[in-house]
Amino acid sequence: MSYNGLHQRVFKELKLLTLCSISSQIGPPEVALTTDEKSISVVLTAPEKWKRNPEDFPVSMQQIYSNLKYNVSVLNTKSNRTWSQCVTNHTLVLTWLEPNTLYCIHVESFVPGPPRRAQPSEKQCARTLKDQSSEFKAKIIFWYVLPVSVTVFLFSVMGYSIYRYIHVGKEKHPENL
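For what it's worth, the working numbering labels the leading residue of the sequence shown as 1, then goes sequentially.
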């Protein structure tokens with residue numbers, strides 16, 4: 001191969017690589033959130049391939065890149081703690097979350113291999129539901145257990161006081177008087 005032929009081949013490869021990277025820019029994934037008491041379900045939809053013509057049939061990036069993955073970042077707004085998880089399927093269930101807490105979720109698609117530009121999703125926030133069982137436990141403790149315990153304690157103190165008054169409080173007079 002001549003020197004000129006080598007330059008042409010390299011130029012064609014660079015041109016192809018540039019065109020592929022522009023046409024394969026990864027858009028933001030769609031994110032749907034469902035909340036529970038201590039969990040949030042995240043359902044992800046792969047972004048669509050960029051269409052040159054609006055009438056073209058939409059093609060999912062999942063069909064183009066079978067190894068498409070998602071980087072899910074979760075922010076606990078109460079403790080200001082952030083963590084990330086890599087997801088390969090379309091669903092993620094975040095469990096053992098604090099009840100009645102606001103969590104903000106941010107997702108970015110990526111394909112392992114050469115770097116491709118990816119647009120992140122919009123930050124979505126969801127609040128976990130109030131924990132009904134803890135409210136029920138507090139109600140039982142403060143409305144039933146605590147009053148019964150205080151009543152039993154007061155009756156015990158009164159009973160002990162009456163017992164001391166009747167049996168222990170009697171003094172014996174000296175016999176020599």
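Even glycine gets a Cβ: it sits at the ideal position worked out from N, Cα and C.
Exercise. Going by DSSP, which residues form a beta bridge with residue 100?
Worked result: DSSP lists no partner for residue 100.
Exercise. Taking contact to mean at least 3 C-beta pairs separated by less than 8 Å, is the segment 35 to 44 in contact with the segment 124 to 138?
Worked result: The segment 124 to 138 and the segment 35 to 44 touch, with three or more beta-carbon pairs separated by less than 8 Å.
Exercise. In this structure, does DSSP put residue 33 in helix, strand or coil?
Worked result: In the three-state reduction of the DSSP assignment, residue 33 falls in the strand class.
Exercise. If you draw a straight line from the alpha carbon of residue 80 to that of residue 101, how long is it in whole angstroms?
Worked result: The alpha-carbon atoms of residue 80 and residue 101 are separated by roughly 11 Å.
Exercise. Per DSSP, what kind of secondary structure is residue 84 in: helix, strand or coil?
Worked result: In the structure shown, residue 84 sits in a strand (DSSP, three-state: E or B).
Problem set entry | Entirely enclosed alpha helix (DSSP H) segments - the segment 44 to 91, minimum 4 residues | Runs of the alpha helix (DSSP H) inside the segment 44 to 91: 61 to 64.
Exercise. Hey, quick one: how far does the beta strand (DSSP E) through residue 126 stretch, first residue to last?
Worked result: Taken as a continuous stretch (DSSP letters only), the beta strand (DSSP E) holding residue 126 covers 124 to 127.
For this session: Kindly indicate which three-state DSSP category residue 39 falls into: helix, strand or coil?
Result: Here residue 39 sits in coil by DSSP.
For this session: In angstroms with no decimal places, state the Cα-to-Cα distance between residue 173 and residue 146.
Result: If you take the alpha carbons of residue 173 and residue 146, they lie about 45 Å apart.
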